[in-house]
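Numbering-wise (UniProt numbering), the sequence shown opens with residue 1 and increments by one. Note that CB positions come from ideal geometry on N, CA and C, so glycine has one too. A quick note: this is a predicted structure, and the numbers were derived from the prediction, not measured. Working notes for the structure below.
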Amino acid sequence: MTRTPAFATPTPVLPQSQATPSINSRARVSRRFRPTTRATLDLTSHNLAKNVAKPLRASSPTSKSRYISRLRRALETRCAQAEDAFWSAMQEEARLAAESEPLLASFLFATVLNHASLHQALAFHLANKLASPAMPSTILMRVFMDAMSDCDQFCDNVRKDLLAVMERDPACTRFIDALLYFKGFHALQAHRVAHTLWKQGRAPLAYHLQSQVSKELQVDIHPAARIGTGVFVDHATGIVIGETAVIGNNCSFLHHVTLGGTGKMHGDRHPKLGDGVLVGAGATLLGNLTVGDGAQIGACSLVLEDVPAHSTVVGVPAKVVSRQGVAVPALDMKHERCLPGCTDESHGHAIEGSISKQVDEAIRDRVIAQDVL
């Protein structure tokens, strides 16, 4: 079987012998599109089940949980066989998807089944998404591959981000869904590449990637921002993260979240988030403030001051409504915790008039207090 070159054009075209099969040729698809690595691996020497790479065939929460747990336990061994098993499981997902929907067979072959590793498939897919006439996908793929190779933990971080999507998003039932279709995951991985380039002193190229991600995915993350592992960005549209922002491990964000500055020309001016923080949709955090581990920020809140660990803040400006939060709210994604006990006062007088007016006043008061006007 003729394989697609490693550096393909943005729209891969297969030879006639590999053209998309007809809708009634599912049996041939099943035989033709096989993973390039083994679908199951014997990992008994590492105390892992032989069927660690067995794909998810049922959509029930229980079967999904078992599937994720099996792969997570495998990765915790930090052995090469477990990493191969993770990629084999994803390739088996793609093979089953091609079998069930032959119209996607060519796409799945080009993006998943034709690659020997997760980072190679990710580099290929991102390069095709972010390519431009001035920067074709072949060049971008080499940039991505080099950046991933230069960072020892890059592929491990990618797998942790994939696990985060699967565990926290009920709409995601396969790892390949996040890899191929979820732009929050795409934006996060593109940022990891841009951040690697930034640390290498290649700021112009890092800015180019930031610009392309902002244009194509509607997510704007400065290349210098530091983001931990196991991060979940749901929906992602409208996410803005500033230059000196820091995000801990295992955090979760909804769409239209802003981690912005105070208006200073230079210096440390963006929020610092601890581990396990959950940020609701439309929340805005401004200034060099600290959000403690396990804190939760309600949707559309305006945060201008430090947030204690394991507390819940809501309102404009945000006020603490609970100090008895769970250990890691970002993992269970229960936004309804922001509702009980929220009184008119806890909403910062937002009900008394225009919310926009209250936002403007709160920001002005904060800026005056910091003597930056």
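- Distance from the CA atom of Ala327 to the CA atom of Asp275, rounded to whole angstroms, is 10 Å.
- Beta bridge pairing from DSSP links Leu197 with no other residue.
- Look at Leu331 here: in three-state DSSP terms it is helix.
- Within the region 242-323, the complete beta strand (DSSP E) runs of at least 3 residues fall at 258-260, 284-286, 312-315 and 318-322.
- For Gly261 against Gly242, the beta-carbon gap comes to about 5 Å, under 8 Å, which counts as contact.
- The beta carbon of Gly230 lies closer than 6 Å to those of Lys160, Ala164, Asn249 and Asn250 in the same chain, with the five residues before and after it left out.
- Taking 4 residues as the shortest admissible run, the UniProt domain "Serine acetyltransferase N-terminal" (86-190) contains the following complete alpha helix (DSSP H) segments, listed from N- to C-terminal end: 105-108, 118-130, 137-150, 154-168 and 175-181.
- In its chain, beyond the 5 residues on either side, Met148 and Cys155 have a beta carbon closer than 6 Å to the beta carbon of His119.
- Straight-line measurement puts the Cα of Phe109 at about 48 Å from the Cα of Gly315.
- Counting along the chain, the unbroken beta strand (DSSP E) around Val219 starts and ends at Val219 to Ile221.
- For Leu113 against Arg142, the beta-carbon gap comes to about 22 Å, at or over 8 Å, which does not count as contact.
- The region 178-186 and the region 209-225 touch, with no fewer than 3 CB-CB distances between them shorter than 8 Å.
- Contact between Ser311 and Leu278 fails: their C-beta atoms lie close to 12 Å from each other, not under 8 Å.
- Judged by DSSP in its simplified three-state form, Arg202 adopts coil rather than helix or strand.
- According to the DSSP secondary-structure assignment, Arg226 is paired through a beta bridge with Val246.
- Within its own chain, the residues whose Cβ lies closer than 7 Å to the Cβ of Ala190, once the five positions on either side in sequence are excluded, are Leu126, Leu130, Leu209 and Val213, listed in chain order.
- C-alpha of Cys172 to C-alpha of Val193: approximately 24 Å in a straight line.
- Assignment of beta-bridge partners to Ile239 by DSSP yields Val219.
- Within its own chain, the residues whose Cβ lies closer than 6 Å to the Cβ of Cys300, once the five positions on either side in sequence are excluded, are Gly282, listed in chain order.
- In terms of Cβ geometry, Val233 and Leu188 form a close pair [threshold 8 Å].
- The C-beta of Pro204 has fewer than 16 other C-beta atoms within 10 Å across all chains shown, which makes the residue exposed.
- Of the residues assessed, Gln91 falls on the buried side of the cut-off, its CB having 16 or more other CB atoms within 10 angstroms.
- Annotation for His115: Ala121 place their beta carbon closer than 6 Å to its own, counting only its chain and skipping 5 residues before and after.
- Sorting Thr244, Phe86, Cys151 and Leu103 by C-alpha distance to the C-alpha of Thr196 places Cys151 at the top.
- For Val233, the pairing in a beta bridge is given by DSSP as Phe253.
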